[in-house]
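Asks:
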Amino acid sequence: MKLSVIGLGKLGACTAACFAYKGIPTIGVDINADSVNAINAGKAPVFEPRLQELIQAAGDRLEATLDFDRAIQDSEVTFIVVPTPSRDDGHFSNAFVEEALADLASALKKVRKKYHLFVITSTVSPGVIEGELIPLVASVSGKKVNKDFGFCYNPEFIALGSVISDFLNPDLVLIGESDPKAGDLLSRIYEKVCDNKPQISRMSIPSAEVTKISLNSFVTMKISFANTLANICERIPGANIDDITRALGADKRISPFYLRGGLSFGGPCFPRDNKAFSAFAREAGVDAFLAQATDEVNEVQVDRVAEKILQDLPNHKKPAVAILGLSYKPNTPVIEESPSIKIIEKLLQAKDLLVEVYDPVALENTRAHFGDRVRYSTSLEECVGSSPICVVATPDKAFRNLRREWFRFQPTTIFDCWRILDRVALGNGIRYLPLGISVQNSPGVFDRPVKLVGKSR
Ligand SMILES: NC(=O)c1ccc[n+]([C@@H]2O[C@H](COP(=O)([O-])OP(=O)(O)OC[C@H]3O[C@@H](n4cnc5c(N)ncnc54)[C@H](O)[C@@H]3O)[C@@H](O)[C@H]2O)c1
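Numbering that gives the first Met the number 0 applies: residue 0 is where the sequence shown begins, and numbers increase by one.
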């Protein structure tokens with residue numbers, strides 16, 4: 000069997016590399032010649048841990064081209080992994096998927112072959128595949144679904160920074176299938192590729208479309224719930240968000256994942272998918288109150304942290320803030336919808352101050368975004384030594400290596416949004432303010448703790 004993957008971006012390049020690494024010859028197709036050339040030169044076109052290693056290990060089994068015809072001629076199954084950005088009304092735009100499918104369908108029209116399977120991996124709204132995409136392929140190619148070609152919806156539940164291990168060890172493989180033949184073929188590929196034995200959930204295409212969009216919406220709801228809890232903990236003397244979420248997460252009905260009070264969720268998927276869930280529900284005549292509230296909590300969380308920093312500024316002579324962590328999560332250069340970037344925007348809008356930033360992999364993207372509006376440090380030490388206020392904005396393990404002597408200001412305030420630093424090792428002279436734990440004797444920085452009365456205590 001040979002596979003093809005259309006779109007060699009953050010997810011598609013990893014998908015193609017994983018297939019080829021696992022022994023299946025794979026052709027990558029993209030409209031961007033740089034990505035195609037990179038793959039053909041054995042180089043990763045995007046940053047993602049282990050991607051380079053897998054491309055090298057795949058060797059000749061992985062090749063790339065700008066030619067869509069080759070995907071149809073030289074492979075049996077084509078995965079479509081092109082962007083589906085948000086439209087103004089919250090729905091996903093299918094423009095790139097339609098463009099790619101139209102090219103593939105006209106290639107299909109030209110060849111004589113018994114069967115070709117199209118797999119949509121890009122996130123789409125419910126109803127789109129059967130309502131728009133299958134009819135598009137049928138009309139352009141002049142061929143029949145479930146006879147000449149099959150269709151599957153197979154969205155991934157991976158996270159940037161761990162795409163490869165998530166892809167090879169998924170909890171769930173979700174397959175929406177146009178008929179059992181299409182689903183059987185796709186299931187066999189995953190049985191060959193996965194390192195684990197994941198649950199393979201097969202269903203109709205509309206069910207799979209609703210499953211995908213609901214999953215991310217549910218996860219973001221969990222994150223916003225944990226963040227609300229963290230905010231409450233700050234006002235309850237003695238309460239600690241981590242003790243509470245650990246206990247809550249031990250209950251199987253809740254589970255510990257994505258239940259950690261901290262900064263807002265961000266990135267290319269979560270905020271967009273949650274908005275799409277609301278838009279899709281509205282269209283179906285249902286108000287998605289939970290999804291809407293999730294978004295509101297998410298926005299407020301950024302405001303709260305920015306406000307705390309601004310309130311702390313007058314406690315220091317130098318109006319400067321060091322921000323550690325710029326991407327929306329560790330181990331990725333992606334700064335799209337990053338809470339850290341939003342906090343910096345708010346600080347710069349509110350005050351004339353110096354913002355010094357550091358991130359192990361996201362500095363370049365941050366420079367493209369802010370230009371000379373902020374200052375860039377090339378090391379942790381340089382960054383934290385620049386300012387009397389330091390914000391740990393992502394739970395990057397590298398930040399645990401902060402050393403007491405690097406803080407040059409007396410006092411220095413540290414806002415630890417993920418509670419990853421060792422407060423004791425930091426010693427005296429540091430005002431350590433973890434998000435989600437009540438800190439007394441710091442009036443004006445955190446909301447003053449409330450006094451609890453009654454039995455609920
Ligand atoms: N990145 C993630 O973490 C993630 C997770 C789950 C789902 N997804 C979904 O996967 C899809 C792709 O996301 P991504 O992050 O890889 O996007 P990306 O922007 O990183 O990459 C998309 C690639 O598609 C190429 N492309 C655009 N139009 C094309 C066309 N007509 N033909 C061929 N190639 C084309 C671009 O040049 C680019 O290389 C999206 O629908 C996204 O929602 C992404």
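Quick reminder that beta carbons are idealized off the backbone N, C-alpha and C, glycines included.
Considering only their Cβ atoms, is the gap separating residue 47 from residue 13 smaller than 7 Å?
Replies: What you label residue 13 is simply residue 14 of the sequence shown in a count that begins at 1. What you label residue 47 is simply residue 48 of the sequence shown in a count that begins at 1. Cβ atoms of residue 13 and residue 47: closer than 7 Å.
Asks: Could you check whether the Cβ of residue 82 sits closer than 6 Å to any heavy atom belonging to ligand 1?
Replies: Indexing the sequence shown from 1 puts residue 82 at position 83. Indeed, a heavy atom of ligand 1 lies less than 6 Å from the Cβ.
Asks: Within 8 Å, do at least three Cβ pairs link the segment 317 to 325 to the segment 152 to 164?
Replies: In short, these stretches do not touch, since the Cβ pair count stays below three.
Asks: Counting only the same chain and skipping the five closest in sequence on each side, list residues whose C-beta sits under 8 Å from that of residue 391.
Replies: As a first step, residue 391 is located in the sequence shown; it is residue number 392 there, counting from the start. Result list for residue 391: 323, 324, 398, 413, 414, 415, 416, 417, 419 and 420, in chain order.
Asks: Do the segment 235 to 251 and the segment 305 to 313 touch if we need at least three Cβ pairs shorter than 8 Å?
Replies: The segment 235 to 251 vs the segment 305 to 313: no contact.
Asks: What number of angstroms, rounded off, separates the C-alpha of residue 122 from the C-alpha of residue 232?
Replies: Taking the sequence shown and counting its residues from 1, one reaches residue 122 at position 123. Taking the sequence shown and counting its residues from 1, one reaches residue 232 at position 233. Between residue 122 and residue 232, the C-alpha separation is close to 36 Å.
Asks: Could you compute how far the alpha carbon of residue 25 sits from the alpha carbon of residue 98?
Replies: The count along the sequence shown starts at 1 and reaches residue 25 at position 26. The count along the sequence shown starts at 1 and reaches residue 98 at position 99. Distance between the alpha carbons of residue 25 and residue 98 is about 21 Å.
Asks: With DSSP collapsed to three states, give me the class of residue 430.
Replies: Counted from its first residue, the sequence shown places residue 430 at position 431. Looking at residue 430 - three-state DSSP - the assignment turns out to be strand.
Asks: Going by the CB atoms, is the gap between residue 216 and residue 290 shorter than 7 Å?
Replies: Within the sequence shown, numbered from 1, the residue matching residue 290 stands at position 291. Within the sequence shown, numbered from 1, the residue matching residue 216 stands at position 217. In this structure, residue 216 lies closer than 7 Å to residue 290 by Cβ.
Asks: Quick check: the Cα distance between residue 377 and residue 357, rounded to an integer number of angstroms?
Replies: The residue labelled residue 377 in the question sits at position 378 within the sequence shown. The residue labelled residue 357 in the question sits at position 358 within the sequence shown. For residue 377 and residue 357, the distance between alpha carbons rounds to 7 Å.
Asks: What do you get for residue 404, buried or exposed, if any count of 16 or more other CB atoms within 10 angstroms of its CB means buried?
Replies: On the sequence shown, position 405 is the one that residue 404 refers to. Result: exposed.
Asks: Please list the segments of the beta strand (DSSP E) lying wholly inside the segment 357 to 426, counting only runs of 3 or more residues, in order along the chain.
Replies: Listed in chain order, the complete beta strand (DSSP E) runs (minimum 3 residues) inside the segment 357 to 426 are 388 to 391 and 411 to 415.
Asks: Give the DSSP-derived three-state secondary structure of residue 319 in the structure shown.
Replies: Translated into the one-based positions of the sequence shown, residue 319 becomes position 320. Residue 319: strand per DSSP, three-state reduction.
Asks: Skipping 5 residues on each side, what residues in its chain have a beta carbon closer than 7 Å to that of residue 178?
Replies: On the sequence shown, residue 178 is found 179 positions in, with the first residue counted as 1. Taken in chain order, the residues that qualify are 145 and 149.
Asks: Go ahead and pull the three-state DSSP assignment for residue 156.
Replies: Within the sequence shown, numbered from 1, the residue matching residue 156 stands at position 157. Coil, per DSSP.
Asks: Name the residue from 363, 423, 429 and 367 whose alpha carbon lies nearest to the alpha carbon of residue 384.
Replies: Position 385 of the sequence shown, counted from the start, is the residue given in the question as residue 384. The option with the nearest alpha carbon to residue 384 is 429.
Asks: Does residue 278 come out as helix, strand or coil in the three-state DSSP assignment?
Replies: For the purposes of this step, residue 278 is taken as the residue at position 279 of the sequence shown. DSSP places residue 278 in helix when its eight states are reduced to three.
Asks: Could you round the C-beta distance between residue 175 and residue 204 to whole angstroms and report it? I think they count as a contact, below 8 Å.
Replies: By 1-based counting over the sequence shown, the position of residue 175 is 176. By 1-based counting over the sequence shown, the position of residue 204 is 205. Right, their Cβ atoms sit about 4 Å apart.
Asks: Taking the DSSP output, what are the residues bridged to residue 115?
Replies: Translated into the one-based positions of the sequence shown, residue 115 becomes position 116. Partner(s): 148.
Asks: Nearest by alpha-carbon distance to residue 9: which of 425, 423, 406 and 332 is it?
Replies: The sequence position of residue 9 within the sequence shown is 10, counting from 1. Nearest option by C-alpha distance: 332.
Asks: Just verifying my parser: in three-state terms, what is the DSSP assignment at residue 234?
Replies: As a working mapping, residue 234 is identified with position 235 in the sequence shown. Residue 234 falls in the coil class under three-state DSSP.
Asks: Give the secondary structure of residue 76 by DSSP, where H, G and I count as helix, E and B as strand, and everything else as coil.
Replies: In the sequence shown, counting from the first residue as 1, residue 76 sits at position 77. Three-state DSSP puts residue 76 in a strand.
Asks: In whole angstroms, give me the CA-to-CA distance for residue 254 and residue 224.
Replies: As a first step, residue 254 must be located in the sequence shown, where it is residue number 255. As a first step, residue 224 must be located in the sequence shown, where it is residue number 225. Cα-Cα distance, rounded: 13 Å.
Asks: Does DSSP put residue 60 in a helix, in a strand, or in coil?
Replies: Working through the sequence shown from its first residue, we reach residue 60 at position 61. Three-state DSSP puts residue 60 in a helix.
Asks: In angstroms with no decimal places, state the Cα-to-Cα distance between residue 437 and residue 244.
Replies: To locate residue 437, count along the sequence shown from 1; it is residue 438. To locate residue 244, count along the sequence shown from 1; it is residue 245. Cα to Cα, residue 437 sits roughly 15 Å from residue 244.
Asks: Are there any heavy atoms of ligand 1 lying less than 6 Å away from the beta-carbon of residue 18, as far as the coordinates show?
Replies: Numbered from its first residue, the sequence shown carries residue 18 at position 19. Residue 18: no, Cβ never under 6 Å from ligand 1.
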